[in-house]
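Trainee: Here you go, one structure.
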Amino acid sequence: RAHLDRIAAVDGAVHAYLHVNEAALETAAEVDRRRAAGEELGPLAGVPIAVKDVLVTRGMPSTSGSRILEGWIPPYDATPVRKVREAGMIPLGKTNMDEFAMGSSTEHSAYGPTHNPWDLERIPGGSGGGSAAAVAAFEAPLALGSDTGGSIRQPAHVTGTVGVKPTYGGVSRYGSIALASSLDQIGPVSRTVLDAALLHDVIAGHDPHDQTSIPDPWPSMAEAVRRADVSGLRIGVVKELDSEGVQAGVRQRFHEALELLAANGAEIVEVGAPSFEYAIAAYYLILPAEASSNLAKFDSVRFGLRVTPEGGGTVEQVMAATREAGFGPEVKRRIILGTYALSAGYYDAYYGSAQKVRTLVQRDFDAAFAEVDVLATPTAPTTAFKLGEKLDDPLAMYLNDVATIPANLAGVPGISVPSGLAPEDGLPAGIQFLAPAREDARLYNVGGALE
Ligand code: GLN
């Protein structure tokens, strides 16, 4: 009830939620009944959670921030949603996001932007700005997000929260409305590293509904936080991402966080990742290619919106009118980019080259992790910028993800942990740690040591 009251009080200004679950109190009563009946529910039973609108949720609208899915109520739960329900957690509602998770500011949502609770004129990051803002504004203690190129970590950075992109395959993508299937991962958003770990432990694990799901069991992330110890840990600072291009205060807090870890026994070294500078270019071919294919299913027949041209029309005309009305400008831009990159005659030059760069980025990680246990970078180059500032400049918007995209290309896990407020503007910044695939526990160890 406290969270519903908080949402009623502040969400008019923040706009973190697209839908508030009116049945939350009934679910809470049901959890009490399950507990009274002796069911073992785990440590997060009774804890409310906000769910990014990219995850289909039984009985609640699930739009992925798009008009084309307006009013669609899915008949089933995405696996991470099913798991939080089974753990006795209480879904509070669906959070705002850039349309189909394309963006870094939530301004591409078809339902209007979310505002950063630290300064309502600034962006909360994206695409998962709603989940991050809900947690930062105490409208939810925890949230689920999705990260294809940084959409959990960059919003965490600009809102002073914790965000984790697990190893690719660590958390099921079943029921996550796909953006780019080879890059997408579902993960936790929270105010502390321990909270993120407790949620990670609930949602991780094998799911036969997702063919990329890793079958092996996972160690407890919460245990990694509780036993956090960085003595002897080798941390590699990626020198290409610790540069003049990063805002001075973001860089200052980044280095202070590293000094703290060094004071606790970690060894800080510099490492190179020469292919990272091509990661954004490769990502913006691979992502639109996969997205254009994934979004082909929104054809006016199977889901959501259907627009019939005046006087009727052929099937093709109905599809065209529906997609014209249902998709926003950023989605159309990426569908055009993606279909072009995949078209006969251009496939090798664009998509094929991008896949080769992807392999080079993976090799940079392999080489770095032969030397160090984890990598560190500032999570994003700047603190939260003003709403509207980058909306008309897609390339400026894309540059926000320079430090987060390499992890998605390589499938490795990443965490963003608050590093403090940048002195020049008093806004939050984050430090990102990256670990080898399946070594998510290392992120919780090093993040836990900072808490
Ligand atoms: N900002 C990136 C993009 O626009 C990342 C999106 C994401 O992780 N979903 O593609």
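In terms of UniProt numbering, the sequence shown opens at residue 28 and continues consecutively. Cβ atoms here follow ideal geometry from the backbone N, Cα and C, with glycine treated the same way.
(1) Is GLN459 buried or exposed, if buried means 16 or more other CB atoms sit within 10 Å of its CB?
(2) So does ALA128 have its beta carbon nearer than 8 Å to some heavy atom of ligand 1?
(3) Just grab the DSSP bridge partners of GLU297 for me.
(4) Which one or two residues does DSSP pair with ASN143 in a beta bridge?
(5) Could you give the first and the last residue of the continuous beta strand (DSSP E) run that contains SER217?
(6) Just reading off the alpha helix (DSSP H) that ASP32 is part of, what are its end residues?
(7) Assign HIS236 to one of two classes, buried (16 or more other C-beta atoms within 10 Å of its C-beta) or exposed (fewer than that).
(8) Just to check, is the beta-carbon of ASP319 closer than 8 Å to a non-hydrogen atom of ligand 1?
(9) Going by Cα to Cα distance, which pick from SER217, LEU226 and ASN435 is closest to VAL189?
(10) Should LEU312 be listed as close to ligand 1, given that the test is whether its C-beta is under 8 Å from any heavy atom?
(11) Roughly how many whole angstroms lie between the Cα atoms of GLU364 and LYS192?
(12) Would DSSP call SER319 helix, strand or coil?
(13) From this set, ALA249, GLY475, PRO440 and SER446, which residue's C-alpha is nearest MET462's C-alpha?
(14) Among the candidates ALA300, LEU314 and GLY130, whose CA atom is the shortest distance from the CA of ASP211?
(15) Just mark GLU148 as buried or exposed, buried being the case when its beta carbon has 16 or more other beta carbons within 10 Å.
(16) Do the CB positions of HIS42 and ALA167 come within less than 9 Å of each other?
(17) Touching or not, the segment 462–472 and the segment 295–310, by the rule of three or more beta carbon pairs under 8 Å?
(18) Using beta-carbon positions only, say whether ALA430 and GLY214 come within less than 9 Å of one another.
(19) Give me the Cα-Cα distance between ALA72 and GLY263, rounded to the nearest whole angstrom.
(20) Under a Cβ-count criterion, where at least 16 other Cβ atoms within 10 Å of its own Cβ denotes burial, should ASP80 be classed as buried or exposed?
(21) Going by DSSP in three states, PRO356 sits in which element: helix, strand or coil?
(22) At a cut-off of 8 Å, is GLY177 close to ligand 1 when judged by its beta-carbon and the heavy atoms of the ligand?
(23) For a test of the three-state rule: what should DSSP assign to PRO445, helix, strand or coil?
(24) By DSSP, does ASP174 sit in helix, in strand, or in coil?
(25) Which residue from GLN274, ASP256 and SER199 puts its Cα closest to that of PRO242?
(26) Helix or strand or just coil, what does DSSP make of TYR305?
(27) Could you tell me whether the Cβ atoms of ILE150 and ILE117 are closer together than 9 Å?
(28) For HIS46, which residues from the same chain have a beta carbon less than 6 Å from its beta carbon, with the 5 sequence-adjacent residues on both sides left out?
(29) Using the Cα positions of GLY453 and ASP269, report the straight-line distance between them to the nearest angstrom.
(30) Which residues does DSSP list as the beta-bridge partners of GLY190?
(31) For a test of the three-state rule: what should DSSP assign to SER203, helix, strand or coil?
(32) Quick check: the segment 55–72 against the segment 96–104, are at least 3 beta-carbon pairs closer than 8 Å?
(33) Considering just the uninterrupted stretch of the beta strand (DSSP E) at HIS46, what are its terminal residues?
(34) Could you please give the first and the last residue of the uninterrupted beta strand (DSSP E) stretch that includes PRO118?
(35) In terms of DSSP beta bridges, what is ALA231 paired with?
(36) Would you mind giving the Cβ-Cβ distance between ASP146 and ALA411, rounded to the nearest angstrom? I have them listed as a contact below 8 Å.
Mentor: Based on what the coordinates show:
(1) Label assigned to GLN459: buried.
(2) Yes, ligand 1 has a heavy atom inside 8 Å of this Cβ.
(3) According to DSSP, GLU297 bridges with VAL264.
(4) Note: ASN143 sits in a beta bridge opposite ASP146.
(5) 212–217 is the extent of the beta strand (DSSP E) around SER217.
(6) 29–41 is the extent of the alpha helix (DSSP H) around ASP32.
(7) Exposed, by the Cβ-count rule.
(8) Just to set this straight, residue 319 is Ser in the shown sequence, not Asp. SER319 Cβ: outside cutoff for every heavy atom of ligand 1.
(9) Measuring C-alpha to C-alpha distances from VAL189 to each of SER217, LEU226 and ASN435 identifies SER217 as the nearest.
(10) No, the Cβ of LEU312 stays beyond 8 Å of every heavy atom of ligand 1.
(11) Note that residue 364 corresponds to Leu in the displayed sequence, not to Glu. Looking at the backbone, the Cα of LEU364 and that of LYS192 are separated by about 26 Å.
(12) Note: SER319 maps to helix in three-state DSSP.
(13) Residue identity differs from the one stated: residue 462 is Ala in this sequence, not Met. Each of ALA249, GLY475, PRO440 and SER446 was checked against the Cα of ALA462, and the nearest Cα belongs to PRO440.
(14) The residue from ALA300, LEU314 and GLY130 with its alpha-carbon nearest to that of ASP211 is LEU314.
(15) It is exposed - the Cβ of GLU148 has fewer than 16 other Cβ atoms within 10 Å.
(16) Not closer than 9 Å, so no.
(17) Because the criterion of three Cβ pairs below 8 Å is not met, the segment 462–472 and the segment 295–310 do not touch.
(18) Not a contact, by the Cβ cut-off of 9 Å.
(19) As the crow flies, the alpha-carbon of ALA72 is around 38 Å from that of GLY263.
(20) Only buried fits ASP80, as 16 or more other CB atoms lie within 10 angstroms of its CB.
(21) Three-state result, PRO356: helix.
(22) At least one heavy atom of ligand 1 is nearer than 8 Å to the Cβ of GLY177, so yes.
(23) In this structure, PRO445 counts as strand in the three-state DSSP scheme.
(24) Looking at ASP174 - three-state DSSP - the assignment turns out to be strand.
(25) Minimum Cα distance to PRO242 is reached at SER199.
(26) Residue state, collapsed to three classes: helix.
(27) Taking 9 Å as the cut-off, the beta carbon of ILE150 is found no closer than this to the beta carbon of ILE117.
(28) Spatial neighbours of HIS46 in its own chain (CB-CB distance under 6 Å, excluding positions within 5 residues in sequence) are listed in chain order as MET87, PRO88, GLY120 and LYS121.
(29) Distance between GLY453 and ASP269, taken at the CA atoms: about 21 Å.
(30) Residue pairing from DSSP places GLY190 in a beta bridge opposite VAL216 and SER443.
(31) Residue state, collapsed to three classes: strand.
(32) Contact annotation: the segment 96–104 does not touch the segment 55–72, with fewer than three C-beta pairs closer than 8 Å.
(33) Element bounds for HIS46: 44–47.
(34) Where PRO118 is concerned, the enclosing beta strand (DSSP E) stretches over 117–122.
(35) Bridge partners of ALA231: VAL198.
(36) Right, the Cβ-Cβ distance comes to about 7 Å (below 8 Å), so this counts as a contact.
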